[in-house]
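Worksheet: one structure, shown below.
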Amino acid sequence: TIHTRPPGTRPEDEAEGKHPQREKWASKLDFVLSVAGGFVGLGNVWRFPYLCYKNGGGAFLIPYFIFLFGGGLPVFFLEVALGQFTSEGGITCWEKLCPIFTGIGYASIVIVSLLNIYYIVILAWGVYYLFQCFQPELPWAKCHHPWNTNRCIEDTSRMNRSLMLAANASNVTLVSPVTEFWERADTVSDSRNRTWDLALCLLFVWVICFFCIWKGVKSTGKVVYITATFPFVMLIVLLIRGVTLPGASQGIKFYLYPDLERLKDPEVWIDAGTQIFFSYAICLGAMTSLGSYNKYKYNCYRDCMLLGILNSGTSFVSGFAIFSVLGFMAQEQGVDIADVAESGPGLAFIAYPKAVSMMPFPTVWAVLFFVMLLLLGLDSQFVEVEGQITSLVDLYPSFLRKGYRREVFIAIICCISYLIGLAMVTKGGMYIFQLFDYYAASGVCLLWVAFFECIAVAWVYGVDNFYDALEDMLGYRPNPWMKWSWTVITPLLCVGCFVFSLVKYKPLTYNKVYEYPDSAIALGWTLALASMICIPMVVVIKIIQSDGPLIEVGGLTVPAVCQHILMPLLKHFPACSPQRIKAVAAPVRGGASSRPKELTFPLDPNGNSGGLKAPTHIIVETMM
7 TIHTRPPGTR
17 PEDEAEGKHP
27 QREKWASKLD
37 FVLSVAGGFV
47 GLGNVWRFPY
57 LCYKNGGGAF
67 LIPYFIFLFG
77 GGLPVFFLEV
87 ALGQFTSEGG
97 ITCWEKLCPI
107 FTGIGYASIV
117 IVSLLNIYYI
127 VILAWGVYYL
137 FQCFQPELPW
147 AKCHHPWNTN
157 RCIEDTSRMN
167 RSLMLAANAS
177 NVTLVSPVTE
187 FWERADTVSD
197 SRNRTWDLAL
207 CLLFVWVICF
217 FCIWKGVKST
227 GKVVYITATF
237 PFVMLIVLLI
247 RGVTLPGASQ
257 GIKFYLYPDL
267 ERLKDPEVWI
277 DAGTQIFFSY
287 AICLGAMTSL
297 GSYNKYKYNC
307 YRDCMLLGIL
317 NSGTSFVSGF
327 AIFSVLGFMA
337 QEQGVDIADV
347 AESGPGLAFI
357 AYPKAVSMMP
367 FPTVWAVLFF
377 VMLLLLGLDS
387 QFVEVEGQIT
397 SLVDLYPSFL
407 RKGYRREVFI
417 AIICCISYLI
427 GLAMVTKGGM
437 YIFQLFDYYA
447 ASGVCLLWVA
457 FFECIAVAWV
467 YGVDNFYDAL
477 EDMLGYRPNP
487 WMKWSWTVIT
497 PLLCVGCFVF
507 SLVKYKPLTY
517 NKVYEYPDSA
527 IALGWTLALA
537 SMICIPMVVV
547 IKIIQSDGPL
557 IEVGGLTVPA
567 VCQHILMPLL
577 KHFPACSPQR
587 IKAVAAPVRG
597 GASSRPKELT
607 FPLDPNGNSG
617 GLKAPTHIIV
627 ETMM
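Under our numbering, the residue at position 260 of the sequence shown is numbered 266, and the numbers go up by one with no gaps.
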């Protein structure tokens, strides 16, 4: 039987004669703030400004905007629109749109699950530093604390002279108190003794995260009114304070001064591409999950473009706030700004705290900075966890949506993630954190997923078919540059950046000094491949589980222009004879037979047959 049904309908709901019920955002602003909170995060503040300075200043904006308009915005809009169109999370949306590529959803879930484990550790550090601010004196400003060693020295000029003398005499390196406050371990193996104050901070943040999402979008949509807006207020305050400091202009000059020669270095382009994919939180399933709670006729295209401006604009403005303060610190110490510029945790927990300790009223500025850091990271964290939960719950909705099972499931996920994350708050936890950060959610993994997302939508489902769906949802067809990006530009950018990333790969080191053992590197690549292997593995599983011939996949999922080219070629291969198609295109659940029992037309949301432009895409689903 061939019939149509609205997006969001699940097989188990149809079998029981139930109309699907899915939560929706209470208002448009709930969705906008949730997305803004989800992708405007720590990377905007501590990664983009440093990359801009490191890679040629203003010249870095050239590859940045190329990747923004050629990859970041198109994939971001694609994921939101896909969730809105199917009313499904990050896994089941692919079962509806292009079942043979359901592995894209599983890959995204693996990445976001690993990301959620280590990203929240940064918030635990932030909470710890915030609590430490409420003391008569900032604990990282002086050398008279129990954790300080005889190598600690406060006066910068004296420290420089002592370093020279130490190099000649005993080869002892002297360090600042802020560095000693941050670094407590020497090797990755020094991870046996747990730091209980950090463990409690991590537990505290996980509890907050749980209560932010435990009631679904009803709670998430309200919390973001605070967590997504206050950081912008604090960023503006810190910006005004930063640009009024002596030496600020020198820092801003280093931030933006263009060096076009740097554009010849492939690493500049790799940094631009990976920064775009990181900062837009794409390829994680979260944006798809957030979009799935939109009303079907919601104009997500307009809001995605505005949110993109907000995201990149925040990154750009953050550079002024950060580098104005670093310029002040460089002037106070009498050193070059290159000696104080940091990225990542080094900026948030070493460079900036050291800078505020030199300002008048240092406690006030330290509190403002760490509150901003905490809120920036917190909404990103619980939005990513919400995306993870939505994707998993949508896999088994009839079971996990009964009673309080969803809340219990969220608690279980949070507890498991917390227990794994405890390894990162030990004395050697920073080394484990860096291992996860470098491999588990690396740019290589995100580029891999983004490439297959574009291939699945543009070349398998059919970009014209998807534009028909967008026209039905939005009331108009988006600008053609989206179509060209999904079809050609984004896949090429992803492939180019992916290849260069592998060619330029260097084994992970900590502070450019400590070299990780081979076992740690092997663990890192295992984390990376755990997500990447999902896509080809699911394709193979679909083929093995199929009852009929492969060629029929082309008949059901490949646009007509490709059918005329590929299908005649595939007929020459026995394994791809034209009888094995339907099962590969069909999602297989619970070991049930893969033989399709119904064909559905997802492009018509109103349940009306016909009216679809050729080539018509057909999704095959197995009824249980």
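Built from N, CA and C at the ideal position, the CB exists for glycine as well.
At a cut-off of 6 Å, would you count residue 273 as near the ligand ATP, judging by its Cβ distance to the nearest heavy atom? For the ligand ATP, the structure offers nothing, since it holds no ligand at all.
Consult DSSP for residue 160 and reduce its assignment to one of helix, strand or coil. Counting from 1 along the sequence shown, the entry for residue 160 is found at position 154. Of the three classes helix, strand and coil, the one that applies to residue 160 here is coil, per DSSP.
Whose C-alpha, out of 513, 62, 511, is nearest the C-alpha of residue 270? As a working note, residue 270 is residue 264 in the sequence shown. When each option's Cα is compared against that of residue 270, the closest is 62.
Work out the CA separation of residue 122 and residue 142 for me, nearest whole Å. Residue numbering aside, residue 142 sits at position 136 when the sequence shown is read from its first letter. Residue numbering aside, residue 122 sits at position 116 when the sequence shown is read from its first letter. One alpha carbon belongs to residue 142, the other to residue 122, and they sit about 34 Å apart.
So, using beta-carbon positions, are residue 289 and residue 455 closer together than 7 Å? As a position in the sequence shown, residue 289 is number 283, starting the count at 1. As a position in the sequence shown, residue 455 is number 449, starting the count at 1. In contact: residue 289 and residue 455 (Cβ atoms closer than 7 Å).
Does the separation of the CB atoms of residue 441 and residue 526 fall below 7 Å? To locate residue 441, count along the sequence shown from 1; it is residue 435. To locate residue 526, count along the sequence shown from 1; it is residue 520. Yes, Cβ-Cβ distance for residue 441 and residue 526 is below 7 Å.
Hey, quick one: how far does the alpha helix (DSSP H) through residue 411 stretch, first residue to last? Stepping through the sequence shown from its first residue, residue 411 is reached at position 405. That run of the alpha helix (DSSP H) goes 411-427.
Could you give the distance in angstroms between the alpha-carbon of residue 140 and the alpha-carbon of residue 274? If you number the sequence shown from 1, residue 140 lands on position 134. If you number the sequence shown from 1, residue 274 lands on position 268. Straight-line Cα distance between these residues: approximately 40 Å.
From residue 153 to residue 146, what distance separates their C-alpha atoms? Sequence index remark: in the sequence shown, residue 153 carries index 147 (1-based). Sequence index remark: in the sequence shown, residue 146 carries index 140 (1-based). In a straight line, the C-alpha of residue 153 is about 10 Å away from that of residue 146.
Endpoints, the alpha helix (DSSP H) within which residue 211 is located: The residue you call residue 211 lines up with position 205 of the sequence shown. Here the alpha helix (DSSP H) through residue 211 covers 202-219.
Cβ-based burial, residue 546 [other Cβ within 10 Å; buried from 16]: Locating residue 546 in the sequence shown gives position 540, counting from the first residue. Counting the other Cβ atoms within 10 Å of the Cβ of residue 546 gives fewer than 16, which makes it exposed.
So, at 6 Å on beta carbons, what are the nonlocal neighbours of residue 51 in its own chain, with the 5 sequence-adjacent residues on each side left out? To locate residue 51, count along the sequence shown from 1; it is residue 45. Residues 324 of the same chain have their beta carbon placed closer than 6 Å to that of residue 51, with the five preceding and five following residues left out of the count.
Separation of residue 551 from residue 573, as counted between CA atoms: In the sequence shown, residue 573 corresponds to position 567, counting from 1. In the sequence shown, residue 551 corresponds to position 545, counting from 1. Bear in mind that the predicted position of residue 573 carries a pLDDT of just 48, short of 50, making it unreliable; the figure below should be weighed with that in mind. Each residue's CA atom was taken as its position, placing residue 573 and residue 551 some 21 Å apart.
Whose C-beta lies closer than 7 Å to the C-beta of residue 347 among residues of the same chain, with five residues either side of it excluded? In the sequence shown, residue 347 corresponds to position 341, counting from 1. The residues are 56, 59, 332.
Buried or exposed: where does residue 592 fall if 16 or more other Cβ atoms within 10 Å of its Cβ makes it buried? Here residue 592 refers to the residue found at position 586 when the sequence shown is read from its first residue. Interpretation of residue 592 is limited by its pLDDT of 38, a score under 50 that renders its predicted location unreliable; the figure taken from the coordinates is listed afterwards. Counting other Cβ atoms within 10 Å of its Cβ, residue 592 reaches 16 or more and is therefore classed as buried.
DSSP three-state call for residue 94: helix, strand or coil? Here residue 94 refers to the residue found at position 88 when the sequence shown is read from its first residue. Note: residue 94 maps to coil in three-state DSSP.
I need the boundaries of the alpha helix (DSSP H) containing residue 467, first residue and last residue. Counting from 1 along the sequence shown, the entry for residue 467 is found at position 461. Segment: none, residue 467 is in no alpha helix (DSSP H) and carries neither H nor E.
Whole beta strand (DSSP E) elements within the segment 307-350, 3-residue minimum: Whole beta strand (DSSP E) segments, 3+ residues: zero.
Can you check which of these residues, 65, 149, 83, 184, is closest to residue 357 by C-alpha distance? Here residue 357 corresponds to residue number 351 of the sequence shown, with the count starting at 1. Relative to residue 357, the option among 65, 149, 83, 184 whose CA is nearest is 184.
How far does the alpha helix (DSSP H) with residue 386 in it extend, from its first residue to its last? Indexing the sequence shown from 1 puts residue 386 at position 380. Start and end: 368-401.
Can you tell me whether residue 82 is buried or exposed, with buried defined as 16 or more other CB within 10 angstroms of its CB? Here the question's residue 82 lines up with position 76 in the sequence shown. Under this definition residue 82 is a buried residue.
Under a Cβ-count criterion, where at least 16 other Cβ atoms within 10 Å of its own Cβ denotes burial, should residue 548 be classed as buried or exposed? Along the sequence shown, one-based indexing puts residue 548 at 542. Result: buried.
Taking DSSP's pairing of strands, which residues face residue 181 in a bridge? Position 175 of the sequence shown, counting from 1, holds the residue named residue 181. When beta bridges are read from the DSSP output, residue 181 appears opposite 158.
Three-state class that DSSP yields for residue 186 in the structure shown: Reading the sequence shown from its first residue, position 180 is the one you call residue 186. Correct three-state label for residue 186: helix.
Cβ contact (3+ pairs, closer than 8 Å) linking the segment 415-425 and the segment 247-255: At 8 Å Cβ cutoff, the stretches do not touch.
Rounded to a whole number of angstroms, what is the C-alpha to C-alpha distance between residue 128 and residue 208? By one-based count along the sequence shown, residue 128 stands at place 122. By one-based count along the sequence shown, residue 208 stands at place 202. So the two alpha carbons sit approximately 9 Å from each other.
How about residue 320 and residue 46: are their beta carbons less than 7 Å apart? To locate residue 320, count along the sequence shown from 1; it is residue 314. To locate residue 46, count along the sequence shown from 1; it is residue 40. Yes, the Cβ-Cβ distance between residue 320 and residue 46 is below 7 Å.
Output the residue ranges of the alpha helix (DSSP H) runs that lie fully inside the segment 512-549 and measure 4 residues or longer, sorted by chain position. Within the segment 512-549, the complete alpha helix (DSSP H) runs of at least 4 residues are 524-538.
For residue 531, count neighbouring C-beta atoms within 10 Å of its own C-beta (all shown protein chains included) and say buried if the count is 16 or more, exposed if not. Taking the first residue of the sequence shown as 1, we reach residue 531 at position 525. So residue 531 ends up on the exposed side.
Would you report the Cα separation of residue 284 and residue 439, rounded to the nearest angstrom? In the sequence shown, the residue the question calls residue 284 occupies position 278. In the sequence shown, the residue the question calls residue 439 occupies position 433. Rounded to whole angstroms, the gap between the alpha carbons of residue 284 and residue 439 is 17 Å.
What whole-angstrom Cβ distance do residue 243 and residue 136 have, given they're in contact under 8 Å? Here residue 243 corresponds to residue number 237 of the sequence shown, with the count starting at 1. Here residue 136 corresponds to residue number 130 of the sequence shown, with the count starting at 1. In this structure, residue 243 and residue 136 do not form a Cβ contact; the two beta carbons are roughly 16 Å apart against a cut-off of 8 Å.
Apply the 10 Å Cβ neighbour rule to residue 267 and answer buried if 16 or more other Cβ atoms are within range, or exposed otherwise. Stepping through the sequence shown from its first residue, residue 267 is reached at position 261. By the 16-neighbour rule on beta-carbons within 10 angstroms, residue 267 is exposed.
Taking only runs that begin and end inside the segment 233-314, name each unbroken alpha helix (DSSP H) of 4 or more residues, in chain order. Taken in chain order, the whole alpha helix (DSSP H) runs of length 4 or more contained in the segment 233-314 are 236-249, 254-262, 272-285, 292-297.
For residue 494, which of 286, 383, 457, 28 has the nearest alpha-carbon? Position 488 of the sequence shown, counting from 1, holds the residue named residue 494. Comparing Cα positions, the closest option is 457.
Could you give the distance in angstroms between the alpha-carbon of residue 322 and the alpha-carbon of residue 54? Working through the sequence shown from its first residue, we reach residue 322 at position 316. Working through the sequence shown from its first residue, we reach residue 54 at position 48. Cα-Cα distance, rounded: 8 Å.
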